[in-house]
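Visitor:
Residue numbers (UniProt numbering): 1 to 139.
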């Protein structure tokens, strides 16, 4: 079959995204150097290096948004160095997914009709959290 790509079951396709996360950026890298480096891989929509508000210097991380997802695939295919130091690059996923804590901790209420050893004097069980299937008392 021509032009058809087959994926075996269990091999998840990586998500198509136009944004990458860059870590371990040396403190000597400027915003202009950061932007210029990534522009060589495709048209940029945005390049951002957040600052540490206490130190007024960059935090050593950055985000780059390309115009097309193919630029991200090209970036991820090789290793990268800025000012002589290797940087770590990965796909940046949208924040609209639940946070890790929300995924791990699901708030549940203990049945008020059952009295347990951790009930308070009024006979009402405190709120509990279900963690990976096991209930734990809220501290």
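Glycine included, every Cβ here is placed at the ideal spot set by N, Cα and C.
So, helix, strand or coil for residue 56, using DSSP?
Guide: The sequence position of residue 56 within the chain shown is 56, counting from 1. Three-state DSSP puts residue 56 in coil, outside helix and strand.
Visitor: Can you give the Cα-Cα distance for residue 211 and residue 19, rounded to whole angstroms?
Guide: What the structure shows of the chain is the stretch from 1 to 139, and residue 211 is not part of that stretch, so it cannot be assessed.
Visitor: With a 10 Å radius around its C-beta and 16 neighbouring C-beta atoms as the bar for buried, classify residue 42 as buried or exposed.
Guide: Numbered from its first residue, the chain shown carries residue 42 at position 42. Label assigned to residue 42: buried.
Visitor: Is residue 48 helix, strand or coil when you go by DSSP?
Guide: Reading the chain shown from its first residue, position 48 is the one you call residue 48. Strand.
Visitor: Whole angstroms is fine: what's the gap from residue 104's alpha carbon to residue 24's?
Guide: Reading the chain shown from its first residue, position 104 is the one you call residue 104. Reading the chain shown from its first residue, position 24 is the one you call residue 24. In this predicted model, residue 104 has a pLDDT of only 44, less than 50, meaning its place in the structure is not dependable; the value taken from the coordinates is given anyway. Rounded to whole angstroms, residue 104 to residue 24 spans 28 Å at the Cα level.
Visitor: My guess is that residue 49 and residue 58 are in contact by the Cβ rule of under 8 Å, so how many angstroms apart are they, rounded?
Guide: As a working note, residue 49 is residue 49 in the chain shown. As a working note, residue 58 is residue 58 in the chain shown. That pair is a contact at about 5 Å.
Visitor: Can you confirm whether residue 52, when its beta carbon is compared against all beta carbons of chain D, has any partner nearer than 9 Å?
Guide: In summary, chain D is missing from the structure at hand, where a single protein chain is found.
Visitor: Within a Cβ cutoff of 6 Å, which residues of the same chain sit near residue 64, ignoring the five residues on either side of it in sequence?
Guide: Position 64 of the chain shown, counted from the first residue, corresponds to residue 64. Answer for residue 64: 20, 38 and 47, listed in chain order.
Visitor: If we ignore side chains and look at the alpha-carbon of each, how far apart do residue 17 and residue 56 end up?
Guide: Here residue 17 is taken as the residue at index 17 of the chain shown, counted from 1. Here residue 56 is taken as the residue at index 56 of the chain shown, counted from 1. When rounded, the distance between both Cα atoms is 30 Å.
Visitor: Could you work out which residue in 90, 81 and 51 is closest to residue 72 when comparing CA atoms only?
Guide: Sequence index remark: in the chain shown, residue 72 carries index 72 (1-based). For the residues 90, 81 and 51, the minimum Cα distance to residue 72 belongs to 90.
Visitor: Between the alpha carbons of residue 110 and residue 34, how many angstroms are there, rounded?
Guide: Stepping through the chain shown from its first residue, residue 110 is reached at position 110. Stepping through the chain shown from its first residue, residue 34 is reached at position 34. Per-residue confidence for residue 110 stands at a pLDDT of 47, beneath the threshold of 50, marking its modelled position as unreliable; no derived number is given.
Visitor: Enumerate in chain order the residues of its own chain whose CB-to-CB distance from residue 26 is below 7 Å, with the five nearest sequence positions on each side excluded.
Guide: In the chain shown, residue 26 corresponds to position 26, counting from 1. Taken in chain order, the residues that qualify are 82, 83 and 85.
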